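Line by line, the protein sequences give chains W and U.
Counting with our numbering, you get residues 28 to 366 for the letters of the first sequence.
Counting with our numbering, you get residues 28 to 366 for the letters of the second sequence.
Note that beta-carbon positions come from the ideal geometry of N, C-alpha and C, so glycine has one too.
What you are looking at is a predicted structure, and each value in this text was computed from that prediction instead of being measured.
There are 2 protein chains.
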Amino acid sequence: MRQGHQTWVFPSRPVILSTAAIGGPFEAKGPLGEDFDITHGDLMLGQDSWEKAEKVLLEEACDKALEKAGLQKEQVHFLLAGDLMNQIITSSFSARTLGIPYIGLFGACSTAMESLALGALLVDSQSADYVLAATGSHNGAAEKQYRYPTEYGSQKPPTAQWTVTGAGAAVVGNKGSGLRVHAATIGRIVDMGLSDPFNMGAAMAPAALSTIETHFRDMRLPHDHYDLVVTGDLGKVGHQILSELLPKHNVDIPLDRYIDCGKLIYGDNPTVWSGGSGCGCVATVTYGHLLRRMREGEWKRILVVATGALLSPISYQQGESIPCIAHAVAIEAEHPEEG
Amino acid sequence: MRQGHQTWVFPSRPVILSTAAIGGPFEAKGPLGEDFDITHGDLMLGQDSWEKAEKVLLEEACDKALEKAGLQKEQVHFLLAGDLMNQIITSSFSARTLGIPYIGLFGACSTAMESLALGALLVDSQSADYVLAATGSHNGAAEKQYRYPTEYGSQKPPTAQWTVTGAGAAVVGNKGSGLRVHAATIGRIVDMGLSDPFNMGAAMAPAALSTIETHFRDMRLPHDHYDLVVTGDLGKVGHQILSELLPKHNVDIPLDRYIDCGKLIYGDNPTVWSGGSGCGCVATVTYGHLLRRMREGEWKRILVVATGALLSPISYQQGESIPCIAHAVAIEAEHPEEG
Chain W
28 MRQGHQTWVF PSRPVILSTA AIGGPFEAKG PLGEDFDITH GDLMLGQDSW
78 EKAEKVLLEE ACDKALEKAG LQKEQVHFLL AGDLMNQIIT SSFSARTLGI
128 PYIGLFGACS TAMESLALGA LLVDSQSADY VLAATGSHNG AAEKQYRYPT
178 EYGSQKPPTA QWTVTGAGAA VVGNKGSGLR VHAATIGRIV DMGLSDPFNM
228 GAAMAPAALS TIETHFRDMR LPHDHYDLVV TGDLGKVGHQ ILSELLPKHN
278 VDIPLDRYID CGKLIYGDNP TVWSGGSGCG CVATVTYGHL LRRMREGEWK
328 RILVVATGAL LSPISYQQGE SIPCIAHAVA IEAEHPEEG
Chain U
28 MRQGHQTWVF PSRPVILSTA AIGGPFEAKG PLGEDFDITH GDLMLGQDSW
78 EKAEKVLLEE ACDKALEKAG LQKEQVHFLL AGDLMNQIIT SSFSARTLGI
128 PYIGLFGACS TAMESLALGA LLVDSQSADY VLAATGSHNG AAEKQYRYPT
178 EYGSQKPPTA QWTVTGAGAA VVGNKGSGLR VHAATIGRIV DMGLSDPFNM
228 GAAMAPAALS TIETHFRDMR LPHDHYDLVV TGDLGKVGHQ ILSELLPKHN
278 VDIPLDRYID CGKLIYGDNP TVWSGGSGCG CVATVTYGHL LRRMREGEWK
328 RILVVATGAL LSPISYQQGE SIPCIAHAVA IEAEHPEEG
């Protein structure tokens, strides 16, 4: 059900029956290493290409989420998935393996919440009993496609981010117990004219601001409603920029309750410059770390704002700036007194 | 509302308030030339790259559809769009121009019906009052990205298809008069192991069969229910294959009521080998030609089955076969006695 211009409120509060997070070797050694369901010591995952390794990550995330939900893939009505690869081959080939009816999405790093938002809508509107929302990325595959050959060893500025090797998936259903999806806000493109692909945090921060502002306005909520507002993946640079933009635009989210997935995943490791990025960043941090802490009672309600930089190497080479977007999903712990 | 495993039936029957089709110079000279709202004599559309020309096609389709619906873009709640370009830049840059909250999709040539199906679901579930579903392609942009440089003049086998230069858009709303979206079936990946990107009709035909079979089973409809079953874009080769597969699988659609968008758009022109393809093929043929004829009373109900070959140049180079999908949407003329 629509509320305001671009927000959906889900009266049935679809249930997140399970989530799974898979991580690569570098992610496993980071501060959130314990939060992954599976981690890999081999960046190739035993495959002969990075693209095939990325597919294994996504398939493992889907399989693990299904296993944790106690569901067979035949019981899941739709898979909603997307990734950074050209023609989202990671998702489409995983959809082939799974055999689940498939809705392909592209929102770059915002795909994690684009898929969760649409999946919750399908469940809420009784268009599906169970859906699987999934996304992932692989550092090697992303570097090869978007940037220079890694063998070239090109240096990067401190505003650059490190694409996460990892994947996350969530099973959403119309019954059962678990965290619940309360609402979702679909973003619009915000493009402030920035064109530096090594500073995507700065490019994406205004898109996150737009969606956060819209969410609170559409929902008519006080700015301190959520225990945590999480962006992903602005990194240190984008987190700082958004921390300054929010009060300037009178969005008075307590700044000690505002965190970013790109800052969290690698902690203070200076080798990743501004922090993590990629579809796997917000997916693994949300599905592995944040929702686990919510289940443990640390937070009651959070707003996850996944940002995406919708550029391509061609659009950059042709002198275009970076169109950015952010999609937000509100997740709340089940209240026994309401259940 | 879900019916069967993978079909949505829309009780409110969302209204297709308007459609628009834009064509390139070659398409304008074809047998459906008169059905386009706008045609261009210049393949570059006055732009300095094919990618930018493709964006103009999509933006024109969206603008024209909005104009014909008598709506301002501010009244449209969501744009659902996708295309063949890496990272669907055509759609994302058009979403920037339009400023409408944006749901990015990827289903290759199936995107036309993926976007219409999801758009109708948003309207039916009261998650939107008006949506815009749009997709397009450009021959030059697709050749450059998927195949050889056109200057190379490489020859193609007779099973190859010609990517359509064109775009189509539809405005769907919860009130007003027009054709109505009755139901939609979301496909699953079908991959018969074919890997020849110059014979995508053969690769995609089994995916179309799967979705058509599922649609009739989920809907419990007799096989002669529709006045027309339309695939897009199997071309002559794929149309012939599916015409043989359907009776073999006891799907007794009268074969004189089965046509293909890839066959229609260029007629018998032998220079396009097996026929048209690309996101713009099914979009322009459906939104320009077929729905126009429905409005004129030629057909009362049609099923449009948009097929997509979800390969990428990388997946092909790495020896993978072609995962295919088809999404179907049932469109019916308004019956005054029911209205």
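Give the residues of chain A in contact with Pro281(U), contact being defined as C-beta atoms less than 7 Å apart.
-> Judged by its chain identifiers, the structure shown contains no chain A, and its protein chains are W and U.
Between the beta-carbon of Arg319(U) and the beta-carbon of Asp62(U), is there less than 7 Å?
-> Against the second sequence, residue 319(U) aligns to sequence position 292. Against the second sequence, residue 62(U) aligns to sequence position 35. Against a cut-off of 7 Å, the Cβ pair of Asp62(U) and Arg319(U) comes out as a contact.
Which listed residue (Cys308(W), Pro340(W), Gln344(W)) has its alpha carbon closest to that of Ala55(W) = In the first sequence, the residue the question calls residue 55(W) occupies position 28. Of Cys308(W), Pro340(W), Gln344(W), the residue nearest in Cα terms is Cys308(W).
So, is Ser164(U) buried or exposed, given that buried needs 16 or more other C-beta atoms within 10 angstroms?
-> Position 137 of the second sequence, counted from the first residue, corresponds to residue 164(U). With 16 or more other Cβ atoms within 10 Å, it is buried.
So what's Val332(W) in DSSP terms, helix, strand or just coil?
-> As a working mapping, residue 332(W) is identified with position 305 in the first sequence. Correct three-state label for Val332(W): strand.
How far does the beta strand (DSSP E) with Tyr157(W) in it reach, from first residue to last?
-> As a working mapping, residue 157(W) is identified with position 130 in the first sequence. Counting along the chain, the beta strand (DSSP E) containing Tyr157(W) begins and ends at 157-164.
Of the residues Ala92(U), Leu149(U), Leu84(U), Leu261(U), which one's Cα is nearest the Cα of Leu291(U)?
-> Against the second sequence, residue 291(U) aligns to sequence position 264. When only C-alpha atoms are compared, the closest one is Leu261(U).
In chain order, what residues of the region 164-189 of chain W put their CB closer than 7 Å to some CB of chain U?
-> none
Which one or two residues does DSSP pair with Val256(U) in a beta bridge?
-> Position 229 of the second sequence, counted from the start, is the residue given in the question as residue 256(U). In the DSSP output, where bridge partners are listed per residue, Val256(U) has Tyr285(U), Leu330(U).
Looking at chain W, which residues of the region 205-235 of chain U have a Cβ within less than 7 Å of any of its Cβ atoms?
-> Ile213, Gly214, Arg215, Ile216, Asp218
Chain U within 7 Å of Leu337(W), Cβ atoms only = Residue 337(W) sits at position 310 when you count from the first residue of the first sequence. Closer than 7 Å: yes.
Just grab the DSSP bridge partners of Cys89(U) for me.
-> Here residue 89(U) corresponds to residue number 62 of the second sequence, with the count starting at 1. Partner(s): none; Cys89(U) has no beta bridge.
Is the region 207-220 of chain U touching the region 230-240 of chain U, taking contact as three or more C-beta pairs under 8 Å?
-> yes
Do the region 156-163 of chain W and the region 226-235 of chain W meet, that is, are 3 or more Cβ pairs less than 8 Å apart?
-> Cβ pair count under 8 Å is below three, so no.
Does Glu323(U) have its Cβ less than 7 Å from a Cβ in chain W?
-> To locate residue 323(U), count along the second sequence from 1; it is residue 296. Chain W, which has no Cβ nearer than 7 Å to the Cβ of Glu323(U), makes this no.
Does DSSP put Asp75(W) in a helix, a strand or coil?
-> Taking the first sequence and counting its residues from 1, one reaches residue 75(W) at position 48. Three-state DSSP puts Asp75(W) in coil, outside helix and strand.
Coil, strand or helix - Ala80(W) by DSSP | Walking along the first sequence from the start, residue 80(W) turns up at place 53. In the structure shown, Ala80(W) sits in a helix (DSSP, three-state: H, G or I).
Can you name, in chain order, every residue of its own chain whose Cβ lies under 7 Å from the Cβ of Val312(W), other than the five neighbours on each side?
-> On the first sequence, residue 312(W) is found 285 positions in, with the first residue counted as 1. Taken in chain order, the residues that qualify are Leu59, Gly259, Cys288, Leu291, Ile292.
Count the other CB atoms within 10 Å of the CB of Asn277(U); is the residue buried (16 or more) or exposed (fewer)?
-> Residue 277(U) sits at position 250 when you count from the first residue of the second sequence. The residue is exposed, with fewer than 16 neighbouring Cβ atoms inside 10 Å.
List the residues of chain U whose Cβ lies closer than 8 Å to the Cβ of Tyr157(W), in chain order.
-> Translated into positions along the first sequence, residue 157(W) becomes position 130. What Tyr157(W) touches in chain U: nothing, since even the nearest Cβ is about 11 Å away.
Same chain, Cβ closer than 7 Å to Phe133(U), neighbours up to 5 away in sequence not counted = To locate residue 133(U), count along the second sequence from 1; it is residue 106. Here the set comprises Gly109, Ile115.
Pro52(U) versus Gly97(U): straight-line alpha-carbon distance, rounded | Counted from its first residue, the second sequence places residue 52(U) at position 25. Counted from its first residue, the second sequence places residue 97(U) at position 70. Straight-line Cα distance between these residues: approximately 28 Å.
Where are the alpha helix (DSSP H) runs, 4 residues long or more, that stay fully inside the region 129-155 of chain W, in chain order?
-> 138-151
State yes or no: is the beta carbon of Trp326(W) nearer than 7 Å to at least one beta carbon in chain U?
-> Translated into positions along the first sequence, residue 326(W) becomes position 299. It does not: the Cβ of Trp326(W) has no partner Cβ on chain U nearer than 7 Å.
Beta-carbon spacing of Ser142(W), Leu85(W) below 7 Å | Along the first sequence, read from residue 1 onward, the residue named residue 142(W) stands at position 115. Along the first sequence, read from residue 1 onward, the residue named residue 85(W) stands at position 58. Against a cut-off of 7 Å, the Cβ pair of Leu85(W) and Ser142(W) comes out as no contact.
Classification of Leu347(W) by the beta-carbon crowding that lies within 10 angstroms, buried from 16 upward = Residue numbering aside, residue 347(W) sits at position 320 when the first sequence is read from its first letter. Note that residue 347(W) is Glu in the sequence shown, not Leu. That one is buried.
Looking only at its own chain, which residues have a Cβ that is under 7 Å from the Cβ of Pro340(W), when we skip the five neighbours before and after it?
-> Against the first sequence, residue 340(W) aligns to sequence position 313. Here the set comprises Tyr173.
Inter-residue Cα distance where the pair is Gly167(U) and Thr334(W) = Indexing the second sequence from 1 puts residue 167(U) at position 140. Indexing the first sequence from 1 puts residue 334(W) at position 307. Gly167(U) and Thr334(W): Cα-Cα distance of roughly 31 Å.
Any chain U beta carbon closer than 7 Å to Asn296(W) = Taking the first residue of the first sequence as 1, we reach residue 296(W) at position 269. It does not; no Cβ of chain U falls within 7 Å.
Mind checking which residues open and close the alpha helix (DSSP H) that includes Thr124(U)?
-> In the second sequence, the residue the question calls residue 124(U) occupies position 97. Element bounds for Thr124(U): 116-125.
CB-CB under 6 Å to Met71(W), same chain, minus the five flanking residues each way: which ones, in chain order?
-> On the first sequence, residue 71(W) is found 44 positions in, with the first residue counted as 1. These residues qualify, in order along the chain: Ala80.
Through-space distance from Thr34(U) to Asp151(W), alpha-carbon basis = As a first step, residue 151(W) is located in the first sequence; it is residue number 124 there, counting from the start. As a first step, residue 34(U) is located in the second sequence; it is residue number 7 there, counting from the start. Between the alpha carbons of Asp151(W) and Thr34(U) lies a gap of roughly 16 Å.
Which residues in chain W sit within 8 Å of Tyr129(U), going by Cβ to Cβ distance?
-> Start at 1 with the first residue of the second sequence, and residue 129(U) comes out as number 102. Those within 8 Å of Tyr129(U) in chain W are Ile213, Gly214, Arg215, Ile216, Ile352.
Buried or exposed by the 16-neighbour rule on C-beta atoms within 10 Å, applied to Met219(W) = Translated into positions along the first sequence, residue 219(W) becomes position 192. Classification for Met219(W): exposed.
Positions along the region 65-86 of chain W whose CB lies within less than 9 Å of some CB in chain U = Sequence-ordered contacts of the region 65-86 of chain W with chain U read Asp75, Ser76, Glu78, Lys79 [C-beta pairs closer than 9 Å].
Cα-Cα, which of Ala48(U), Trp77(U), Gln74(U), Ala169(U) is closest to Thr66(U)?
-> Position 39 of the second sequence, counted from the first residue, corresponds to residue 66(U). Looking at the Cα atoms, Ala48(U) is the closest of the given residues.
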